[in-house]
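Per this note's numbering: the sequence shown = residues 2 to 336. Heads up: the structure comes next, in structure tokens.
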Amino acid sequence: MSTAVAHPNIALIKYWGKRDDDLILPATGSLSLTLDVFPTTTTVTLDPHADADRVVFDGAPAEPRAAARITTFLDLVRAQAGVTTRAHVDTRNSVPTGAGLASSASGFAALAVAAADAYGLDLDEQALSRLARRGSGSACRSVIAGTAIWHAGTDDATSYAEPVAGPALGMVIAVVDAGAKAVSSREAMIRTRDTSPYADAWVRSTADDLEAVRRAFARQDFTAIGELTESNALRMHAAIMACRPPIRYLAPRSVALFDEAARLRAAGLAAYATADAGPNVVFVCRDADVEAVHGALAERFEGDRLVAAHAGPGAHLIDGAHLIDGAHVIDEVRS
Ligand code: 2P0
């Protein structure tokens, strides 16, 4: 039995589009912060007597499609290990699933680390990142602690995430809606590539943004990092909104929160907004400013659920005693 914990990550420079749908090779590299909130805890137990995998999400059997995606992933691990033994997978999520809060990132990062251990693979961080990528692209970044860059690469061996040094960052998440989104990221990325007239421009400009943000990280230039973050998110949403049939993840409330970031900056608090494939808005700031940004937002947006987050650990194994603690933490977040 092997248990791992992983946390979601939020991209500053976004991954949106694949060059290879099967290997999950992205059209561009991306850069993110792994958080210290909303952990996913996953236990993988091998069962030599079972003839199928058994997958449980938050105490209930997984939907057939979700379970099939886990089995496809475990097949990769089994192929690497040279065995066919089936497994029991038990996952506990504290992030609202499918709400654009990166549950597939923490989910497949935790599964990669737990399954590699359960099947006896001895993988380093880079190999674990590559493995997690096969489950869900953004999961390769949740293997890494804190700020991570995912190199797009050109094949399976060269597409992985690794740590990137820069200023200490924090985030404040404004949960606008925790319900499941209408169109999955996977489907929406394909529709963007196939129907958005801005898809090529998105890929070209994101490659440029990534280079610019790398230079900003190297010189510890938070202002440039923030400006590139907010602009890259808006460009991603512009490309998505131009799909046919259209997809719009941002709600009126989300747009108002982007304006709120501008208001905070005008008041002297350096915060920049970003949003993934959903209506929730994440404020990016210096780590030392997290409480101030949280406080300033809480004054004006009582109804929004605000979650302060700092840099978190990469996906890692835990022992049984920690699992009890983990479950306890998860219950607290839920209540
Ligand atoms: C990101 N997102 O960089 C971007 C921004 C959502 C918006 O990565 O198809 O769930 O499993 O590789 O990783 C969501 O995409 O997609 C995502 P798959 P994934 O965080």
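From the three backbone atoms N, C-alpha and C, an ideal C-beta is built for every residue, glycine too.
Let me check understanding here. Comparing Cα to Cα, which of Gln81, Arg301, Thr72 lies closest to Gly121? Among Gln81, Arg301, Thr72, the Cα nearest to that of Gly121 belongs to Gln81.
Tell me the DSSP secondary structure of Ala252 in three-state form. In the structure shown, Ala252 adopts coil according to DSSP, grouped into three states.
Check whether the segment 157-172 touches the segment 191-202, counting contact only when three or more Cβ pairs, one atom from each stretch, lie closer than 8 Å. The way I'd put it, the segment 157-172 doesn't touch the segment 191-202; fewer than three beta-carbon pairs between them come closer than 8 Å.
Quick check: what's the CA-CA separation for Thr43 versus Val56? Cα atoms of Thr43 and Val56: separation of roughly 10 Å, rounded to the nearest angstrom.
Classify Cys141 as helix, strand or coil using the three-state DSSP reduction. The answer is helix: DSSP assigns Cys141 an H, G or I state.
What does the alpha-carbon distance come out to for the pair Asp210 and Thr46? Straight-line Cα distance between these residues: approximately 42 Å.
Which residues does DSSP pair with Lys19 in a beta bridge? Answer by DSSP bridge pairing, in chain order: Pro27.
Since Glu163 is in the alpha helix (DSSP H), which residue starts that stretch and which ends it? Glu163 -> not in any alpha helix (DSSP H); beta strand (DSSP E) instead, spanning 162-164.
Reference Leu340; option with closest CA among Cys244, Glu212, Met242: Because residue 340 is not part of the residues shown, which for the chain are 2 to 336, the question remains open.
Beta strand (DSSP E) runs wholly inside the segment 229-279, at least 3 long, in chain order: If we require 3 residues or more, the beta strand (DSSP E) runs fully inside the segment 229-279 come out as 272-275.
Considering only C-alpha positions, which residue in the set Leu132, Ala202, Ala117, Thr41 is nearest to Ile241? Minimum Cα distance to Ile241 is reached at Ala202.
Of all the options Pro314, Pro280, Asp54, Ser31, which has the alpha carbon lying nearest to the alpha carbon of Lys182? Taking the Cα of Lys182 as reference, the smallest distance to any Cα among Pro314, Pro280, Asp54, Ser31 is reached at Pro280.
Spatial neighbours of Leu251 in its chain, beta-carbon cut-off 7 Å, leaving aside the 5 residues before and after: For Leu251, where only same-chain residues beyond five positions count, the Cβ hits under 7 Å are His238, Ala276, Pro280.
Would you report the Cα separation of Pro314 and Leu112, rounded to the nearest angstrom? Looking at the two C-alpha atoms, the distance is approximately 15 Å.
With a CB to CB cut of under 6 Å and the five nearest residues on each side skipped, what residues in its chain are close to Ala272? The answer, listed in chain order, is Ala262, Leu265, Phe284, Cys286, Val294.
What separation, rounded to the nearest whole angstrom, lies between the Cα atoms of Asp21 and Ala63? In a straight line, the C-alpha of Asp21 is about 27 Å away from that of Ala63.
Under the criterion of a Cβ to heavy atom distance below 6 Å, does Arg131 qualify as lining the ligand 2P0? Arg131 has its Cβ no nearer than 6 Å to any heavy atom of the ligand 2P0.
In or out: Asp123 buried (at least 16 other Cβ within 10 Å) or exposed? Burial check for Asp123: the Cβ neighbour count within 10 Å stays below 16, so the residue is exposed.
Less than 7 Å between the beta carbons of Leu307 and Ala297, yes or no? No.
Can you tell me which of the three DSSP states Pro65 falls into? Collapsing the DSSP output to three states places Pro65 in a helix.
Applying the 10 Å Cβ sphere with the 16-neighbour rule, what's the burial state of Ala133? Taking all protein chains shown into account, Ala133 has 16 or more neighbouring C-beta atoms within 10 Å of its C-beta and is therefore buried.
Close-in-space but distant-in-sequence residues of the same chain around Phe259 (CB under 6 Å, 5 per side omitted): These residues qualify, in order along the chain: Ala274.
Would you mind working out which of Ala149, Asp76, Val184, Pro164 sits nearest Arg135, comparing C-alpha positions? Cα-wise, what sits closest to Arg135 is Asp76.
Less than 7 Å separating the beta-carbons of Pro40 and Ser105? With respect to Ser105, Pro40 sits apart: the two C-beta atoms are not nearer than 7 Å.
Between the Cα of Arg216 and the Cα atoms of Leu235, Ala166, Met2, which residue gives the shortest distance? Out of Leu235, Ala166, Met2, the CA that lies nearest to the CA of Arg216 is found in Ala166.
Are there any heavy atoms of the ligand 2P0 lying less than 6 Å away from the beta-carbon of Asp277, as far as the coordinates show? Correct: Asp277 has its Cβ closer than 6 Å to the ligand 2P0.
Can you find a heavy atom of the ligand 2P0 that lies under 6 Å from the Cβ of Lys15? For the ligand 2P0, at least one heavy atom lies less than 6 Å from the Cβ of Lys15.
Flag this pair as yes or no: are the beta carbons of Arg87 and Asp118 separated by less than 7 Å? One thing to note: Arg87 has its Cβ no nearer than 7 Å to the Cβ of Asp118.
Tell me where the alpha helix (DSSP H) around Ser206 begins and ends. Its alpha helix (DSSP H) spans residues 200-219.
Beta-carbon within less than 8 Å of Ala67's beta-carbon, same chain only, minus the 5 sequence neighbours each way: which residues are those? Here the set comprises Val56, Phe58.
Would you grab the beta carbon distance between Arg131 and Asp157 for me? Rounded to a whole angstrom, and I think it's under 8 Å. That belief holds up - the Cβ atoms of Arg131 and Asp157 are roughly 6 Å apart, short of 8 Å.
Skipping 5 residues on each side, what residues in its chain have a beta carbon closer than 6 Å to that of Thr224? Correct list: empty, nothing qualifies.
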